[in-house]
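Residue numbers (the working numbering), protein chains in the order written: chain A, 4 to 113; chain B, 4 to 113. Idealized CB from N, CA, C, for every residue including glycine.
Next comes the structure, spelled out in structure tokens:
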């Protein structure tokens, strides 16, 4: 079993992680904002309105859970973000090779 | 005390009530749709997005509670709709004078 939660992070790795984390979050939020702008412009009736409400409820819940900045969660968070396309592995360069290979491996099996 | 809940409604009054009820609902929903179209076009960031979500949650809750079509609730519902401007008293013409005066009285004290 991979020792994901026991991995140590250096100060430099923390900085790389924070930058990557913030970048992915900004991208995902930006895409969501544009999606909502678009969806909302097409709302014509109450059913559309509540569909937007349901969509926002779901996205808010997902985002709140996904962007977990605790050190013990970062490997999993990054693999999910890479998997979903919000981040690419090259943007995590500078992390220890063991971390990068764990992230890459998780990305493939998730 | 006014005997609001024991008031009888004729078939004709039911038709008038239903038409007025539907008209007020359509107006309020139409205004809400236009408000959301407008608000959503001005969303630029995550705070704006969650503010829209909170707004929709609140409006959905309010609308679900307000449009209570049970006979026992109609006098109160109409007085609220008149008070808020979604309906005017003239649109309830044809209801028994006792109902109209109850609605008008409630509108003043609410």
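Is it the case that the stretch 48-68 of chain B contacts the stretch 12-22 of chain B, given that we only count it when at least three CB pairs across the two stretches are under 8 Å? no
Span of the alpha helix (DSSP H) holding residue 42 of chain B? 14-44
Hey, could you find the ends of the alpha helix (DSSP H) residue 67 of chain A is sitting in? 49-69
Could you name the residues that DSSP lists as bridge partners for residue 96 of chain B? B:98
On a CA-only basis, which of B:37, B:80 and B:43 is nearest residue 38 of chain A? Give me that one, please. B:43
If we call anything under 7 Å between Cβ atoms a contact, is residue 80 of chain A one with residue 71 of chain A? yes
Go ahead and label residue 78 of chain B buried or exposed: buried means 16 or more other beta carbons lie within 10 angstroms of its beta carbon, across all protein chains shown. buried
What are the residues of the stretch 49-62 of chain B that lie near chain A, defined by any Cβ-Cβ distance shorter than 9 Å? 49, 51, 52, 53, 55, 56, 59, 60 and 62
How about residue 98 of chain B and residue 49 of chain B: do their beta carbons lie closer than 7 Å? no
Would DSSP call residue 109 of chain B helix, strand or coil? helix
According to the neighbour-count rule (16 or more other Cβ atoms, all chains shown, within 10 Å of its Cβ), is residue 104 of chain B buried or exposed? exposed
Once you ignore the five residues that flank residue 91 of chain A on each side, which residues in its own chain have a CB closer than 8 Å to its CB? 85
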